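Chemist:
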Amino acid sequence: METKCSVCGNGYDVRDYNGGLNLAAVQNARSPGIRSKIRLCPKCYERRLIEVQTNYWKEHIAEEKLRNGP
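According to my numbering, the stretch in the sequence shown is residues 31 to 100, in order.
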């Protein structure tokens with residue numbers, strides 16, 4: 031089993047996290063849409079979390095603008 035971060039290669043405090051959602055990519059998963067796990071160090075996990083949260087809010091704001099008009 032790989033003990034290094036999937037992003038930077040760091041071997042410090044690496045943990046498994048879900049790779050994200052991809053409904054088209056997974057057919058035999060227990061939870062549809064969940065990709066395989068990725069290994070991340072704390073620094074890369076934090077960067078990924080910020081990116082995911084930022085994208086979530088961008089999409090949410092865009093949906094609200096569509097519902098409520100310009």
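In this text, a Cβ means the ideal position worked out from N, Cα and C, and glycines have one as well.
It should be emphasised that the depicted structure is a prediction, and the values quoted were computed from it without experimental measurement.
Between which two residues does the alpha helix (DSSP H) holding Tyr75 run?
Modeler: Translated into positions along the sequence shown, residue 75 becomes position 45. Tyr75 -> alpha helix (DSSP H) spans Pro72 to Asn98.
Chemist: Using the C-alpha atoms, what's the distance from Lys88 back to Val44?
Modeler: In the sequence shown, residue 44 corresponds to position 14, counting from 1. In the sequence shown, residue 88 corresponds to position 58, counting from 1. Distance between the alpha carbons of Val44 and Lys88: 29 Å.
Chemist: Classify Arg69 as buried or exposed, calling it buried when 16 or more other Cβ atoms lie within 10 Å of its own Cβ.
Modeler: Indexing the sequence shown from 1 puts residue 69 at position 39. It counts as buried.
Chemist: Residues in the same chain with beta-carbon distance under 7 Å from Cys71, minus the five sequence neighbours each way, listed in chain order, please.
Modeler: What you label residue 71 is simply residue 41 of the sequence shown in a count that begins at 1. Around Cys71: Cys35, Cys38, Asn40, Tyr42, Asp43 and Val44.
Chemist: Run through DSSP, which three-state label would Lys67 get?
Modeler: To locate residue 67, count along the sequence shown from 1; it is residue 37. Looking at Lys67 - three-state DSSP - the assignment turns out to be strand.
Chemist: Going by the beta-carbon positions, is the gap between Lys67 and Asn48 smaller than 8 Å?
Modeler: As a working mapping, residue 67 is identified with position 37 in the sequence shown. As a working mapping, residue 48 is identified with position 18 in the sequence shown. Yes; because the gap between Cβ atoms is below 8 Å, this pair is in contact.
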